[in-house]
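Residue numbers (this note's numbering): 182 to 532. Idealized CB from N, CA, C, for every residue including glycine. Note that the coordinates shown come from a computational prediction; the quantities given were computed from them, not determined experimentally.
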């Protein structure tokens with residue numbers, strides 16, 4: 182198995198902490214280590230640094246190298262420009278195939294997600310390794326939600342294909358695009374509904390063959406790269422698009438499997454999710470210079486010399502980085518990205 186940590190995007194909903202120069206997955210959001218470091222640390226319980234790859238761009242690669250200096254520079258797969266996860270996934274397969282690792286299963290591990298416990302994560306990877314070596318189906322992950330999770334896609338699991346001593350692996354019966362709150366609430370009443378949590382796993386050669394069948398406009402430039410073509414020249418020939426442009430067709434054809442994740446999968450997409458995790462795990466420490474006379478507020482203050490007092494307000498997110506201040510309702514924290522767009526339009530602050 183080849184672990185590939187993928188670092189993409191900025192985490193705009195976590196502005197002003199998350200910036201172009203320091204995206205959320207490199208920030209110490211939930212402790213002293215970044216999410217990137219936590220995922221890397223989990224992988225090192227099974228893999229050597231030279232066995233771990235990183236998929237990112239040139240700017241973020243420099244940050245990753247400082248946070249995980251043991252990973253060889255040659256193990257970085259660099260996107261010349263952002264073209265969404267579809268081309269990025271294809272590039273990973275092409276580079277691995279070019280390195281002579283085309284028949285080795287790989288798994289894409291998103292850096293901005295926390296997986297706990299680590300041993301459940303590693304067991305899942307090794308069980309998927311066996312499935313990928315002995316078949317050509319696309320493998321991904323999913324988890325059973327306890328409540329309607331909005332803004333995500335769902336998978337309906339079919340027959341189980343893994344043995345009793347392995348993690349639960351099922352045929353994918355159906356792929357469901359994200360819908361309304363009412364549709365989602367009705368849908369998750371089904372015991373077979375899983376939130377789609379991407380953990381792409383296949384051999385590089387099988388993934389390239391899948392692209393040849395379903396996305397030839399990606400396949401042709403990728404094979405040019407495998408054959409020795411210049412990555413920068415060939416990558417820009419690939420139309421932008423999500424990997425779902427391909428996988429939805431794979432699901433419909435019955436050529437996919439989903440692993441019911443044997444660990445907690447926590448996506449820190451908003452400040453509300455960060456606050457919830459820290460408070461539930463007794464990790465929230467606003468500091469002595471924060472006076473909160475309200476209820477259930479979340480304050481992140483970088484300036485130890487500044488005093489913040491909250492009176493008569495509840496359920497707020499307050500983040501002060503010195504050059505920028507965010508104040509919003511917890512329930513509205515997903516809209517921070519909208520505010521950032523306006524900030525950029527007005528050229529008001531560093532982004």
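For this session: Starting from residue 314, trace the alpha helix (DSSP H) both ways and give me its first and last residue.
Result: Here the alpha helix (DSSP H) through residue 314 covers 299 to 314.
Exercise. In the DSSP assignment, what residue or residues form a beta bridge with residue 355?
Worked result: Residue 355 pairs with 337.
For this session: Whole angstroms is fine: what's the gap from residue 230's alpha carbon to residue 251's?
Result: Here the C-alpha atom of residue 230 lies approximately 6 Å from the C-alpha atom of residue 251.
For this session: For residue 260, count neighbouring C-beta atoms within 10 Å of its own C-beta (all shown protein chains included) and say buried if the count is 16 or more, exposed if not.
Result: Buried: at least 16 other Cβ atoms inside 10 Å.
Exercise. Are the CB atoms of residue 479 and residue 516 nearer to each other than 8 Å?
Worked result: Not in contact: residue 479 and residue 516 (Cβ atoms no closer than 8 Å).
Problem set entry | Coil, strand or helix - residue 443 by DSSP | Residue 443: coil per DSSP, three-state reduction.
Exercise. Alpha carbon to alpha carbon, what distance is there between residue 407 and residue 573?
Worked result: Residue 573 lies beyond the stretch modelled for the chain, which goes from 182 to 532, so this question has no answer here.
Exercise. Among residues of its own chain, excluding the 5 on either side of residue 431, which ones have a beta-carbon nearer than 6 Å to its beta-carbon?
Worked result: By the criterion of a C-beta distance shorter than 6 Å, residue 431 is surrounded in its chain by 319 and 437, once the five residues flanking it on both sides are discounted.
Exercise. Between the stretch 409 to 417 and the stretch 336 to 352, do at least 3 Cβ pairs fall closer than 8 Å?
Worked result: With the rule of 3 Cβ pairs closer than 8 Å, the stretch 409 to 417 does not count as touching the stretch 336 to 352.
Exercise. Based on the DSSP secondary-structure assignment, which residues constitute the bridge partners of residue 369?
Worked result: Looking at the DSSP output, residue 369 bridges to nothing.
For this session: Can you have a look at residue 241 and say buried or exposed, based on whether 16 or more other CB atoms are within 10 angstroms of its CB?
Result: Counting Cβ neighbours within 10 Å, residue 241 comes out buried, since at least 16 surround it.
Exercise. Given residue 494, which residues of its chain have a CB within under 6 Å of its CB, disregarding the five upstream and five downstream residues?
Worked result: The residues are 475.
Exercise. Can you tell me where the alpha helix (DSSP H) with residue 527 in it begins and where it stops?
Worked result: Annotation: the continuous alpha helix (DSSP H) that includes residue 527 extends over 517 to 527.
Problem set entry | residue 525 versus residue 428 - alpha carbon distance | Distance between the alpha carbons of residue 525 and residue 428 is about 34 Å.
Exercise. Which whole-angstrom value describes the C-beta separation of residue 278 and residue 389, a residue pair presumed to lie in contact below a C-beta threshold of 8 Å?
Worked result: With a Cβ gap of about 6 Å, residue 278 and residue 389 count as contacting.
Problem set entry | Opening and closing residue of the alpha helix (DSSP H) in which residue 428 lies | 425 to 433 is the extent of the alpha helix (DSSP H) around residue 428.
Problem set entry | Own chain residues within Cβ distance below 6 Å of residue 405, not counting five before or after | So the qualifying residues of the chain are 415.
For this session: For residue 215, collect the residues of the same chain with a Cβ closer than 8 Å to its Cβ; drop the 5 residues on either side in sequence, then sort them by chain order.
Result: Once the five neighbours on either side are set aside, the close Cβ partners of residue 215 are 206, 207, 208, 209 and 248.
Problem set entry | Helix, strand or coil at residue 289 [DSSP, three-state] | Three-state DSSP puts residue 289 in a strand.
For this session: State the DSSP-derived secondary structure class of residue 255, mapped to helix, strand or coil.
Result: Residue 255 carries a helical assignment under DSSP once its states are collapsed to helix, strand and coil.
Problem set entry | Residue environment, residue 315, which counts as buried when at least 16 other CB atoms sit within 10 Å | Label assigned to residue 315: exposed.
Problem set entry | Coil, strand or helix - residue 203 by DSSP | Strand.
Exercise. In its own chain, which residues sit with a C-beta less than 6 Å from the C-beta of residue 456, not counting the 5 before and 5 after it?
Worked result: 479, listed in sequence order.
Exercise. Helix or strand or just coil, what does DSSP make of residue 328?
Worked result: Coil at residue 328, not helix or strand.
Exercise. Once you ignore the five residues that flank residue 386 on each side, which residues in its own chain have a CB closer than 7 Å to its CB?
Worked result: Spatial neighbours of residue 386 in its own chain (CB-CB distance under 7 Å, excluding positions within 5 residues in sequence) are listed in chain order as 278, 283 and 284.
Problem set entry | Three-state secondary structure assigned by DSSP to residue 230 | The three-state reading of DSSP puts residue 230 in helix, counting H, G and I together.
Exercise. With C-beta atoms as the reference, is residue 183 less than 8 Å away from residue 217?
Worked result: Their beta carbons are not under 8 Å apart, which means residue 183 does not touch residue 217 by this criterion.
Problem set entry | DSSP-derived helix/strand/coil call for residue 249 | The three-state secondary structure of residue 249, taken from DSSP, is coil.
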